[in-house]
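Mind the numbering: the sequence shown is residues 1175 to 1721 in this note's numbering, read in order.
Where is the CB? At the ideal position from N, CA and C, for every residue including glycine.
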Amino acid sequence: MLDAWSLPSSWIVVIATISFVMLRKLLPIFLVFFKPDSLRDLPGPTNSSWFFGNAKEVRASERSAVLSIWAKTYGKTYRYKVLFNSDVLYTLDTRAISHVLNHSNDYLKPQLQHFVFSQAVGEGLLTAEGDQHRRQRRIMNPAFGPAQIRELTEIFVTKAHQLRDIWKEEVSKCEESARINILNGLNKMTLDVIGLAGFNYMFNALNPHGKPNELNEALNTMFRSLTQLDTNVLRFLQFYLPPLQFIPNSVTRSMNKAKGVMRCIGMRLIAEKKAEVLGISNTGEKDKHLQSRDLLTLLIKANMSSEIPESQRLSDEGVLAQVPTFLLAGHETTSNATTWCLFALAHAQKIQQKLREELLSVPTESPSMDELNELPYLDAVIRETLRIHPPLDRTVRRSTKDDVIPLNTPYTDVHGQAQNSVRINKGCAILIPILAINKSKELWGEDADEFYPERWLAGVPEAVRDIPGVWGNMLSFLGGPRSCIGYRFSLVEMKALLFSLIRAFEFHPAVPYEDITRERGVVQRPVVRSEMEKGSQLPLLVRLYQR
């Protein structure tokens, strides 16, 4: 028999360390089965499995539709079980959601989610919490103000026109219309935009003859790590069994290579931007053409401002951490939202034509941000798109302390008593159903499921004003201190894209409506049910609009 005391002391230390780390990770899971259940009096579905809870039912339903079905049965606020017999509090109550979103220090993203994202994009604004998040947000806010986005609009319009011209060439090769995977072109366009507007970096993704770009390849590797099932399973195991992080594997190797590329290019860009900012500052030069307008330059400039105490400034590593966040958040979400917008318009020809008439009334090919924002129907179409097709259909927060969550609408507990609040324990998970709030008939009316931009022109119902979103009386960009910092950037870019594309083309369905579904992943990418092997895509029939 092996005598532990005969092992070298170094091995004893290693084994003890691994055992301690695993105990710290796994102990909270086992305690779930024995600790008092703060949500035990809430109504909810029967626990389907002592290990999986109701997780299989949630995952099996498209866009988690079963959660909305349960809400009809158990009310706006209920509980259900997930992995390891853990409770999740589900609520459609806008007061409860406001409480959670506006107390961001008390309600953090789950540790597993933080681990998965930080492995891909580092400790940037997307993953930072608490004081670190507030410090980063304070420094980055100036780069995303209206004046700064106004300066970037020319880039949005120019790249939108480039995509338009590429699609015109494709259509010209066909007799009437071309079947085009619009997701592919929009992804390339928004990548080019975030490269130029974010860093003054040329991806040339729209250039059909362009050479492979190493930063683009690194970005694709990072995005795949957030969407592929095998990678997510690996991250899950690595989180609960930390020693697995040190075992070499192909996923880790490819991620480390991508991070190395991102770091090399990112640090070079940061050095160039710092030198530029210091050069202009030292010479007192104010010529506009000498000052870069990209977000990274603005971030560095704000970080070097005398208004920011030295102790609160970001290091170069802190600035570098924002690069993958800019790329992923500023590229993928906008292309995806515009894809779903064109999909909706393809299935609503009268709305598409009404929008086209408004856009054709603009006397210029290159509108400014202010000119785009003065188009009411364009604004209504984008609002309606983001209401029905938000980038995320839900998000989760976990409490850092015991708390009492107030409610607008009381719930009836399992003892038949009305309750005006929910008492939760530290560690309780709260699911914020973004899509369900955006499509709630109680808030939006009986036509809440319909794509109907006119609702924004007539004035939205008074009830939706209670939705604690940062924009548009909806949760598509969330709300509170952790709301999407780049929502203005995304909105103006979408407007520029629709302005260019709807004026030039008619869009029609290429496959039946019901053949389009969504990938499971961080972003709700479209896929064709009958062509799942092709991965994410959204084919439409595109033809030139004849004036």
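Per DSSP, T1332 is one residue of the alpha helix (DSSP H) stretching across 1320-1346. Contact annotation, E1532 with L1549: C-beta distance approximately 6 angstroms; criterion of less than 8 angstroms satisfied. Pairing K1342 with S1489, the inter-Cα distance amounts to about 46 angstroms.
Taken in chain order, the complete alpha helix (DSSP H) segments of 4 residues or longer contained in the stretch 1244-1286 are 1268-1276.
DSSP, read as helix, strand or coil, puts T1691 in strand. A check of alpha carbon separations from S1573 across V1596, V1435, R1561 identifies V1596 as the nearest. Cβ-Cβ distances below 7 angstroms link R1353 to A1684, P1713, L1715 in the same chain, with the five nearest sequence neighbours on each side left out; the list follows chain order. With a cutoff of 8 angstroms on beta-carbon distance, N1612 and M1648 are scored as near each other.
Distance check between C1438 and each of N1355, A1392, S1674, Q1306 places A1392 closest, using alpha-carbon atoms only.
Apart from the 5 residues on each side of it in sequence, R1561 sits with its Cβ closer than 6 angstroms to the Cβ of N1612, M1648 in its chain, given in chain order. Taking the Cα positions, G1319 is about 23 angstroms away from V1555.
Boundaries of the beta strand (DSSP E) harbouring H1682: 1679-1683, taken from the DSSP string. Short of 6 angstroms from the beta carbon of L1718, and not among the five residues preceding or following it, lie these beta carbons of its own chain, in chain order: V1345. Excluding sequence positions up to five before and after E1303, its CB lies within less than 6 angstroms of the CB of L1282, all in the same chain and listed in chain order. Y1375 carries a coil assignment under DSSP once its states are collapsed to helix, strand and coil. DSSP places R1308 in the uninterrupted alpha helix (DSSP H) bounded by 1304-1314. Judged by DSSP secondary structure, R1233 falls within the alpha helix (DSSP H) whose first and last residues are 1229-1234. In this structure, R1237 sits near D1567, with a CB-CB distance shorter than 8 angstroms. With contacts defined as CB atoms closer than 8 angstroms, R1311 and L1299 qualify as a contacting pair.
Looking at the DSSP output, A1592 sits in a beta bridge with T1586. In the assembly as shown, W1224 is an exposed residue. Its beta-carbon has fewer than 16 other beta-carbons within 10 Å. Unbroken alpha helix (DSSP H) runs of no fewer than 4 residues, entirely contained in the stretch 1504-1590, are found at 1523-1534, 1543-1547, 1550-1562, following chain order. Note on geometry: alpha-carbon atoms of V1451 and V1702 lie some 47 angstroms from one another. By the Cβ test, the stretch 1322-1334 is not in contact with the stretch 1412-1430, since fewer than three Cβ pairs between them sit closer than 8 angstroms. Non-local C-beta neighbours of E1297 in its own chain, meaning closer than 7 angstroms and more than five positions away in sequence, comprise A1495, ordered along the chain.
If you draw a straight line from the Cα of I1690 to the Cα of L1357, it comes to about 13 angstroms. Between the C-alpha atoms of D1261 and K1255 there is a straight-line separation of about 5 angstroms. Excluding five sequence positions before and after A1229, the CB atoms of its chain that fall closer than 7 angstroms to its own CB belong to V1256, L1257, given in chain order. Between the alpha carbons of G1590 and Y1248 lies a gap of roughly 13 angstroms. By the beta-carbon neighbour count (other beta carbons within 10 angstroms, threshold 16), I1525 is buried.
Nearest Cα to L1473 within the set A1371, H1288, E1667: A1371. DSSP places N1221 outside both helix and strand once states are collapsed to three, so it counts as coil. R1571 is not a Cβ neighbour of I1608, given a cutoff of 8 angstroms.
For S1650, the three-state secondary structure derived from DSSP is coil.
Bounds of the alpha helix (DSSP H) holding R1629 are 1628-1632.
L1715 is bridged by DSSP to R1353, H1682.
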